[in-house]
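Peer 1: So the mapping is simple: my numbering equals the position in the sequence shown, first residue as 1, plus 7. Glycine included, each C-beta is placed from N, C-alpha and C at the ideal position.
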Amino acid sequence: MHIGLLSITFSLPGCGSLKEKRQRIGGLHERFGRNPAVAVCESGAHNSHDASEWTFVVVAASRREVESLCSRIEDKIQCTVEARIIKVTHEFL
8 MHIGLLSITF SLPGCGSLKE KRQRIGGLHE RFGRNPAVAV CESGAHNSHD
58 ASEWTFVVVA ASRREVESLC SRIEDKIQCT VEARIIKVTH EFL
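#1: With 16 as the cutoff for other CB atoms within 10 Å, does residue 11 come out buried or exposed?
#2: Taking only the alpha-carbon atoms, compute the straight-line gap between residue 72 and residue 16 and give it to the nearest angstrom.
#3: With C-beta atoms as the reference, is residue 130 less than 7 Å away from residue 96?
#4: Is the beta carbon of residue 86 closer than 7 Å to that of residue 57?
#5: Tell me whether the beta-carbon of residue 46 lies closer than 7 Å to the beta-carbon of residue 64.
#6: Report buried or exposed for residue 112, applying the criterion of at least 16 other Cβ atoms within 10 angstroms of its Cβ.
#7: Hey, is residue 59's beta-carbon within less than 7 Å of any beta-carbon in chain D?
#8: Residue range of the alpha helix (DSSP H) that residue 29 falls in?
In structure tokens:
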């Protein structure tokens, strides 16, 4: 069993409230949390309306599968989220 952590830090320029933040970025949990191999949570900047950090825990039988799933998550986020990606970190346990 291989475990990977993918953390993504976002900047939300022009976002004026926590409600707007939830509208722009809140769907991450629903989109990626449906996959049984992925756990998703907002891991930082909870009370900041113009920033957010999300962590994805990915579990698979091989490191290659973990890397592939992390890559697909990153690609999908870049196409669907109305935010600037500031930082991406990968970690394998």
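Peer 2: Reading from the atomic positions:
#1: The sequence position of residue 11 within the sequence shown is 4, counting from 1. It counts as buried.
#2: On the sequence shown, position 65 is the one that residue 72 refers to. On the sequence shown, position 9 is the one that residue 16 refers to. Between residue 72 and residue 16, the C-alpha separation is close to 23 Å.
#3: Residue 130 is absent from the structure shown; the chain starts at 8 and stops at 100.
#4: Here residue 57 refers to the residue found at position 50 when the sequence shown is read from its first residue. Here residue 86 refers to the residue found at position 79 when the sequence shown is read from its first residue. In this structure, residue 86 does not lie closer than 7 Å to residue 57 by Cβ.
#5: Against the sequence shown, residue 46 aligns to sequence position 39. Against the sequence shown, residue 64 aligns to sequence position 57. It is a contact, given that the beta carbons lie within the stated cut-off.
#6: For residue 112 there is no data in the structure shown, the boundaries of the chain being 8 and 100.
#7: No chain D appears in the structure shown, which is made up of a single protein chain.
#8: Here the question's residue 29 lines up with position 22 in the sequence shown. Start and end: 25-32.
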